[in-house]
Amino acid sequence: MDMTENLRPSGAHSTDQDPTSYPYASSYGTAYDSAPGGYPPPPAYAPATGRRKAKRPVALLAAVAIAAGVIGGGTATLVGRLNGQDSAATGSGGAVNGTTVSQSSKGTVAGVAEAVSPAIVEIGAASSAGKSTGSGVVITEDGEIVTNNHVISGAQQIRVTLSTGKTYTADVMGTDPDKDLALIKLRGASGLKTATLGDSSKVKVGEQVVAIGSPEGLTGTVTSGIVSALDRDVTVAKDDSGSSGQGQGQGRQGGGQEWPFEFGGQQFNGDTGEETTTYKALQTDASLNPGNSGGALINMDGEIIGINSAMYAPSSSAAGSGSSAGSVGLGFAIPVNTLKADLDTLRAGNGS
Numbered sequence: 048m049d050m051t052e053n054l055r056p057s058g059a060h061s062t063d064q065d066p067t068s069y070p071y072a073s074s075y076g077t078a079y080d081s082a083p084g085g086y087p088p089p090p091a092y093a094p095a096t097g098r099r100k101a102k103r104p105v106a107l108l109a110a111v112a113i114a115a116g117v118i119g120g121g122t123a124t125l126v127g128r129l130n131g132q133d134s135a136a137t138g139s140g141g142a143v144n145g146t147t148v149s150q151s152s153k154g155t156v157a158g159v160a161e162a163v164s165p166a167i168v169e170i171g172a173a174s175s176a177g178k179s180t181g182s183g184v185v186i187t188e189d190g191e192i193v194t195n196n197h198v199i200s201g202a203q204q205i206r207v208t209l210s211t212g213k214t215y216t217a218d219v220m221g222t223d224p225d226k227d228l229a230l231i232k233l234r235g236a237s238g239l240k241t242a243t244l245g246d247s248s249k250v251k252v253g254e255q256v257v258a259i260g261s262p263e264g265l266t267g268t269v270t271s272g273i274v275s276a277l278d279r280d281v282t283v284a285k286d287d288s289g290s291s292g293q294g295q296g297q298g299r300q301g302g303g304q305e306w307p308f309e310f311g312g313q314q315f316n317g318d319t320g321e322e323t324t325t326y327k328a329l330q331t332d333a334s335l336n337p338g339n340s341g342g343a344l345i346n347m348d349g350e351i352i353g354i355n356s357a358m359y360a361p362s363s364s365a366a367g368s369g370s371s372a373g374s375v376g377l378g379f380a381i382p383v384n385t386l387k388a389d390l391d392t393l394r395a396g397n398g399s
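Spelled out as structure tokens, the structure:
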């Protein structure tokens with residue numbers, strides 16, 4: 048073999064420069080003395096190009112995106128951001144309101160409560176007979192609120208407290224005593240979270256529901272249960288002129304005299320008086336108490352399916368104790384389709 052032959056390794060480049068001018072030669076001269084020119088040997092494989100590096104994380108993110116479709120929306124949002132996509136743009140196609148339940152929380156009581164609670168308010172009605180407390184549902188951003196007629200009947204002043212604690216004065220837009228419905232409007236309100244009105248014709252017995260209201264003035268109280276029955280004929284007083292003389296929102300004396308109603312030929316919670324009306328109601332075992340009247344009965348998609356209107360609370364004598372009993376799982380709500388059919392009439396200031 049010709050000893051003058053340049054035996055540089057494959058991939059090395061020839062040069063006439065002094066090898067000591069390269070950092071490899073000076074730093075690793077001892078380790079590579081056997082290599083002509085003093086260069087380190089090349090890597091065992093060629094380094095990946097910039098284009099090949101970019102493909103690996105993209106492929107990984109594609110796999111994660113598939114998993115995100117199974118797991119939920121949070122991971123999908125993360126994947127979109129990692130790919131440089133504007134996540135806000137993907138969500139701009141649908142309307143967003145106060146009762147939208149996130150995909151990850153859909154079907155849970157906690158998810159429904161979080162989404163709908165901002166649209167449920169406490170109503171304080173003051174009249175010459177005293178004060179009562181009920182609940183209401185915000186249906187427009189400028190402050191239209193649906194409640195029961197018996198909550199605001201005869202009121203000289205109405206004060207509404209939002210879930211944020213902010214308080215407004217409200218005026219009555221229209222009432223329908225025959226359906227025990229009323230529509231009030233906040234003064235100077237805007238940008239409020241609103242509720243989504245569902246379809247009560249699709250409600251089934253056994254369906255899980257959530258009730259939100261202000262029982263005994265405890266704003267934003269959440270309870271849950273199921274729909275126990277449909278189309279119950281419930282009879283209630285048209286106004287607060289029942290013989291109990293206490294109003295029907297939240298009692299001023301408590302006990303079993305609140306929310307008087309009739310069912311099956313019997314009276315419950317007191318005398319309904321002479322002026323009564325009967326409607327078809329949804330029955331629920333979600334816990335209701337005085338103050339829930341006018342609040343929302345909600346399905347697991349966050350849609351309002353009824354306006355809570357009556358409950359059975361056995362009196363202290365019936366309960367056999369010195370104090371009144373609470374909810375025993377017999378609550379009634381006006382179907383939301385009844386409300387939707389009556390909205391134009393209420394807005395016009397007329398009643399049936």
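FYI, in the working numbering the residues of the sequence shown are 48 to 399. All C-beta atoms in this analysis are idealised placements derived from N, C-alpha and C, irrespective of residue type, glycine included.
Selection D227, I186, T208 evaluated against A172 yields T208 as nearest (Cα-Cα).
Annotated as distal: D223 and R234, with beta-carbon spacing of 8 Å or more.
S174 and T392 have their C-alpha atoms spaced approximately 25 Å apart. The secondary-structure analysis by DSSP pairs R279 across a beta bridge with A328.
Cβ atoms of V257 and A357 stay farther apart than 8 Å, at about 18 Å. Secondary-structure assignment with DSSP links E191 through a beta bridge to K232. Annotated as proximal: P165 and K240, with beta-carbon spacing under 8 Å.
Apart from sequence neighbours up to five positions away, the residues of its chain that approach D278 with a beta-carbon distance below 8 Å are K327, A328, ordered along the chain.
Here the C-alpha atom of V184 lies approximately 31 Å from the C-alpha atom of G312. Judged by beta-carbon spacing, Y359 lies within the 8 Å limit of L377, meaning their Cβ atoms are closer than that value. The beta carbon of S210 sits closer than 6 Å to those of S164, P165, G267, all from its chain and outside the five residues before and after it, given in chain order. In the DSSP assignment, P382 forms a beta bridge with G353.
D189 is classed as exposed because its beta carbon has fewer than 16 other beta carbons within 10 Å across all chains shown.
Within the same chain, and ignoring the five residues on either side of G349 in sequence, the residues whose Cβ sits closer than 6 Å to its Cβ are T146, V148, V159, A162, V163. Look at I186 here: in three-state DSSP terms it is coil, with no helix or strand label.
Under the DSSP assignment, E263 falls outside any alpha helix (DSSP H); it carries neither an H nor an E label. Residues of the same chain with a CB within less than 6 Å of the CB of G341, apart from the 5 flanking positions on each side, are G181, S182, G183, T194, N195, V198 in chain order. Excluding the 5 residues flanking it on each side, G238 has same chain C-beta neighbours closer than 8 Å at E188, in chain order. Within its own chain, the residues whose Cβ lies closer than 8 Å to the Cβ of I354, once the five positions on either side in sequence are excluded, are V184, V193, T194, N195, L228, G341, G342, A343, L344, A380, I381, V383, L386, listed in chain order. Taken through DSSP and simplified to helix, strand or coil, S179 comes out as strand. In the three-state reduction of the DSSP assignment, V159 falls in the helix class. Membership of V198 in the alpha helix (DSSP H) is indicated by the continuous run 196-199. Between V252 and A276, the CB-CB gap stays under 8 Å. According to the DSSP assignment, D223 belongs to the beta strand (DSSP E) that extends over 214-223. The alpha-carbon separation between T270 and F310 amounts to approximately 24 Å.
Shown here, Q204 sits in a strand according to DSSP, grouped into three states.
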